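Residue numbers (the numbering used here): 2 to 503. Written out below as C-alpha cells is the structure these notes cover.
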C-alpha cells in the first residue's frame with residue numbers, strides 16, 4: 002500500500018456492503034464511501050489545481066461528509082486539511098495564509114461563515130458537487146502519481162507566536178500506524194468504534210482509518226452527548242460500542258458520574274493528556290474484562306509513538322507509564338549534551354521512524370528547530386523529532402512522562418502553546434502584556450493581564466474568542482497594574498506561579 006486511498010480500495014473490495022461510518026444523519030458503506038469520494042475527487046480534478054503540493058482545506062462539522070471529502074482529496078492526490086468548524090475567523094485566516102490552499106470544501110452553512118474570510122481561494126460547496134457527474138477517468142492517473150512519502154494530511158496545532166503550525170504527515174506514516182494498531186490490539190470486523198475526537202485532532206486518524214483495514218464500524222458520537230455522561234453511556238450501550246479512543250477528560254467525567262455499564266466494551270485507549278489513576282481505576286473496576294491502554298504521541302508522530310497496556314491497579318500517587326515505542330517508532334532519551342540517558346536519568350524524548358512528520362507546512366525555520374539529525378547517528382541521515390517532553394526510562398524499560406520543558410501544555414486532548422494565548426491577549430486594546438499559566442492540579446489555564454484598565458472577565462473572554470479557539474480560552478482571567486520582572490527584564494514567571502498557583 003502506497004497511499005490512504007489504497008486503504009479505502011482494500012475496504013471496498015473486502016467489506017464493500019458493510020457499514021463503515023454512521024453519524025446523526027445516517028450511515029455509509031465502504032463501497033458507497035469509495036464512490037462518493039471519487040465523485041469529490043473528479044470534481045476537484047475538474048475545478049482546481051490539485052497535487053502533492055496543493056493542499057485542500059475542509060471546513061465542515063464532524064460528519065460522514067467530512068470523511069468523504071478527506072478521501073476525495075486523497076484521490077485527487079492532494080493532502081487534506083481538517084479545521085475546527087468553530088474556529089474564529091481571524092485564526093482561520095492565519096491558517097489559510099500559511100496553508101495557501103488550492104480550495105476549501107465546505108457546506109452551505111460553512112460557506113456563509115467564509116464570506117468574511119480575507120483570502121483568495123476557491124470555495125467548493127459539498128452539496129453542490131456530490132450529486133454531479135464528472136469525468137472520473139483522471140482519477141486513476143492522479144492516484145498513480147502518489148508516493149508513499151507524499152503528504153496525506155496537514156493538521157494545524159497551536160504555535161507560540163500566535164501563528165498555527167501545520168504538521169505534515171505522510172501516507173506511509175498513516176499506513177504503518179494503522180497496521181501497527183491492528184497487529185497489536187483486538188480490533189476486527191465485529192468491532193464498533195465510538196468516535197469522540199474532532200477531525201482536527203490527531204486521535205481521529207485511528208477512528209477513520211482502522212475500519213478500512215478491519216471492516217470495523219465507526220460511530221460518530223453527537224457532540225452534545227459529551228456534556229451529559231448518563232446520556233452518553235446510554236448511547237454507547239445502545240450502539241453496542243466495543244472500542245473507544247478518547248481523551249482522559251471525557252473518561253474522567255464518565256467515571257465521576259458513576260455510570261459505566263457497557264456490556265459490549267472490549268478495548269479502551271486514551272491519549273492526549275495525563276489520565277488520573279483514580280478515575281482509571283473506576284473504569285477498570287466497572288469493566289474488568291476490557292483492555293486498557295495509555296497511549297502517548299505528538300501530532301508530529303502520526304498520533305501515537307508509545308503505548309502501555311495497563312496490567313495492574315495504580316495508586317493515586319503513582320505515575321502511569323507511557324510505555325514502549327510502537328513497532329514503527331524508535332524512542333531516544335537525550336540529555337542536554339545530546340547523549341543517551343541512562344535508566345532513571347531525566348532527558349528529552351526524541352522520536353524517529355516512518356510515522357514522523359515531514360515537518361511544518363511552509364515553516365522551514367520552525368521545522369529545522371525540532372526535526373534534526375540524530376546526534377547519535379554519524380553514518381547516515383536520520384531525522385528525529387525533539388518532542389520537548391521530559392521523560393525517563395524505568396527499570397522495566399517503560400518510559401515515564403514528567404512534563405514539558407517549555408510553555409506547551411495539553412488540555413482536554415488539545416495541544417496548546419501558552420504563548421499563543423498571550424499573543425492573542427496582548428493584541429487586545431489596553432493590554433500592555435500578558436502571562437498565561439497552567440494549573441496542572443485543577444487542569445485549567447489562568448491568564449494574567451498587565452493593564453491599568455478594569456477587566457470584565459466574561460467580556461474579555463468573548464474578545465479572546467475572536468483570536469483563539471474555545472478550547473484555549475482561560476478558565477480565570479486576572480488583571481495587574483504591573484508585572485514583576487527579573488533582573489534581566491523578563492516577566493518573573495516563577496514569582497507569578499508561586500503567587501497564583503500555590
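Ideal Cβ positions, reconstructed from N, Cα and C, are used throughout, including at glycine. Predicted model, so just to flag it, every value in this text is computed and none were measured.
Review point. For the alpha helix (DSSP H) that residue 208 lies in, which residues bound it at each end?
Key: The continuous alpha helix (DSSP H) containing residue 208 extends over residues 205-215.
Practice item. Could you tell me whether the Cβ atoms of residue 399 and residue 323 are closer together than 9 Å? Key: yes
Practice item. Would you kindly report the start and end of the unbroken beta strand (DSSP E) that includes residue 60? Key: 57-60
Point to revise | Beta-carbon proximity of residue 319 to residue 334, cut-off 9 Å | key: Result no, Cβ atoms of residue 319 and residue 334 do not sit closer than 9 Å.
Practice item. Give every residue of the same chain whose Cβ lies closer than 8 Å to the Cβ of residue 389, excluding the five residues on either side of it in the sequence, and list them in chain order. Key: 349, 371, 405, 406, 407 and 409
Practice item. Give the range of the alpha helix (DSSP H) segment to which residue 230 is assigned. Key: 230-239
Check your understanding: Which residue's Cα is closest to the Cα of residue 159: 84, 31 and 331?
Key -> 84
Review point. Is it right to say residue 489 is buried, meaning 16 or more other beta carbons lie within 10 angstroms of its own, or is it exposed?
Key: Its pLDDT being 47, under 50, residue 489 is placed unreliably by the model, and nothing is read from it.
Check your understanding: Within the chosen definition, does the stretch 270-280 reach the stretch 230-240 through at least 3 CB pairs nearer than 8 Å?
Key -> no
**Study point:** According to DSSP, residues forming a beta bridge with residue 374
**Key:** 384
**Study point:** Among 314, 482, 462 and 69, the one whose alpha carbon lies nearest that of residue 9
**Key:** 69
Check your understanding: Where residue 19 and residue 27 are concerned, what is the direct C-alpha to C-alpha distance, given to the nearest angstrom?
Key -> CA-CA distance, residue 19 to residue 27, rounds to 14 Å.
Review point. So does the stretch 466-485 actually touch the stretch 418-426, counting three or more Cβ pairs closer than 8 Å?
Key: Using a Cβ-Cβ distance cut-off of 8 Å, the stretch 466-485 and the stretch 418-426 are in contact, since at least three pairs of beta carbons, one from each stretch, lie closer than that value.
Review point. With burial defined as no fewer than 16 other Cβ atoms inside 10 Å of the residue's Cβ, what is the status of residue 187: buried or exposed?
Key: exposed
Practice item. Compare the Cα-Cα distances from residue 484 to each of 82, 469, 501 and 416 and report the closest residue. Key: 501
Check your understanding: Quick one: is residue 503 buried, meaning 16 or more other Cβ sit within 10 Å of its Cβ, or exposed?
Key -> exposed
Review point. In chain order, which continuous runs of the alpha helix (DSSP H) of length 4 or greater are located wholly inside the stretch 114-156?
Key: 127-130 and 138-145
Review point. Can you tell me where the alpha helix (DSSP H) with residue 420 in it begins and where it stops?
Key: 419-427
**Study point:** Per DSSP, cross-strand counterpart(s) of residue 351
**Key:** Answer is 333 and 387, bridged to residue 351.
Exercise for review: Report yes or no: do the stretch 162-178 and the stretch 261-268 share at least 3 C-beta pairs separated by less than 8 Å?
Suggested key: no
Review point. Quick one: complete alpha helix (DSSP H) runs, 4+ long, within the stretch 3-62?
Key: 5-16 and 31-48
Review point. Using the C-alpha atoms, what's the distance from residue 104 back to residue 49?
Key: Rounded to whole angstroms, residue 49 to residue 104 spans 7 Å at the Cα level.
Check your understanding: With a CB to CB cut of under 6 Å and the five nearest residues on each side skipped, what residues in its chain are close to residue 120?
Key -> Cβ-Cβ distances below 6 Å link residue 120 to 97 in the same chain, with the five nearest sequence neighbours on each side left out; the list follows chain order.
**Study point:** Cβ neighbours of residue 208 in the same chain (closer than 7 Å, five flanking residues each side left out)
**Key:** 194, 196, 198, 219 and 246
Review point. Can you name the residues that DSSP bridges to residue 326?
Key: 307
Point to revise | Buried/exposed call for residue 307, threshold 16 Cβ in 10 Å | key: buried
Exercise for review: Pull up the distance between the alpha-carbon of residue 144 and that of residue 2, whole angstroms please.
Suggested key: 12 Å
Point to revise | Coarse secondary structure for residue 451, derived from DSSP in three states | key: strand
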